[in-house]
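Numbering (this note's numbering), first residue to last: 2 to 148.
Take a look at the structure below.
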Amino acid sequence: IINNMRIQILTPGQIVSSAIGQGMNNFTPVQLANYVATLGSGGTRYKVSIVDKVTSPTGEVIKEYKPEVVDKLDIPEDYLQAIKDGMYKVNTSPSNGTAYKSFNNFPIKVGGKTGTADFSTDEQYVIQGRLAYGNYISMAPLDNPQI
2 IINNMRIQIL TPGQIVSSAI GQGMNNFTPV QLANYVATLG SGGTRYKVSI
52 VDKVTSPTGE VIKEYKPEVV DKLDIPEDYL QAIKDGMYKV NTSPSNGTAY
102 KSFNNFPIKV GGKTGTADFS TDEQYVIQGR LAYGNYISMA PLDNPQI
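In structure tokens:
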């Protein structure tokens, strides 16, 4: 199976499909959050951390964790802006926005990406006894992401 996935990813068709999240991809929610945070920060990728500080019951800071830069994408600003524009349209385009019904009147500007984790064969739906999972990842406010 690993060899087949490598072969599929190396074909021109799979390279094009993988650019929009199609194909044999496996991502955790944390990996998705890290990729969107990297886009939101202008291309700076930070080490994933879920704790920013530890405090005592009285509020004294016992330990503080500073953000650690892991990598910086070498990507033109206009490319990042095009990605953010596309993520905004996911939420605001009545004709193509896959999250339009949820975010079309949202009070802040949000960029998002929808996805579907499904099975490679119809038989797997029967074996697993469930349909595909839908997922959504976002950043907000889009002009200066904080979440």
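The C-beta atom is built at its ideal place from N, Cα and C for all residues, glycine as well.
Since the model is a prediction, treat every value here as computed from it, not as a measurement.
Mind checking whether R115 and Y134 have CB atoms under 8 Å apart? As a working mapping, residue 115 is identified with position 114 in the sequence shown. As a working mapping, residue 134 is identified with position 133 in the sequence shown. Note on residue identity: the sequence assigns Thr, not Arg, to residue 115. No; because the gap between Cβ atoms is not below 8 Å, this pair is not in contact.
Delimiting residues of the beta strand (DSSP E) encompassing N92: As a first step, residue 92 must be located in the sequence shown, where it is residue number 91. Looking at the DSSP string, N92 is not in any beta strand (DSSP E); the run it does join, the alpha helix (DSSP H), is E78 to T93.
What residue ranges within the stretch 7-76 form continuous alpha helix (DSSP H) runs of no fewer than 4 residues, ordered along the chain? Counting only runs of 4 or more residues that sit fully inside the stretch 7-76, the alpha helix (DSSP H) segments are 13-19 and 30-41, in chain order.
Report the rounded CA-to-CA distance for N35 versus P58, giving the unit in angstroms. Taking the first residue of the sequence shown as position 1, residue 35 is located at position 34. Taking the first residue of the sequence shown as position 1, residue 58 is located at position 57. Cα-Cα distance, rounded: 31 Å.
S96: first and last residue of the uninterrupted alpha helix (DSSP H) it sits in: Against the sequence shown, residue 96 aligns to sequence position 95. No alpha helix (DSSP H) holds S96; DSSP gives it neither H nor E.
Quick one: Cα of Q147 to Cα of E65, how far? Walking along the sequence shown from the start, residue 147 turns up at place 146. Walking along the sequence shown from the start, residue 65 turns up at place 64. Taking the straight line from one Cα to the other gives about 19 Å.
Ends of the beta strand (DSSP E) at K114? The residue labelled residue 114 in the question sits at position 113 within the sequence shown. Its beta strand (DSSP E) spans residues G112 to A118.
Helix or strand or just coil, what does DSSP make of I148? Reading the sequence shown from its first residue, position 147 is the one you call residue 148. In the three-state DSSP reduction, I148 falls in the coil class, being neither helix nor strand.
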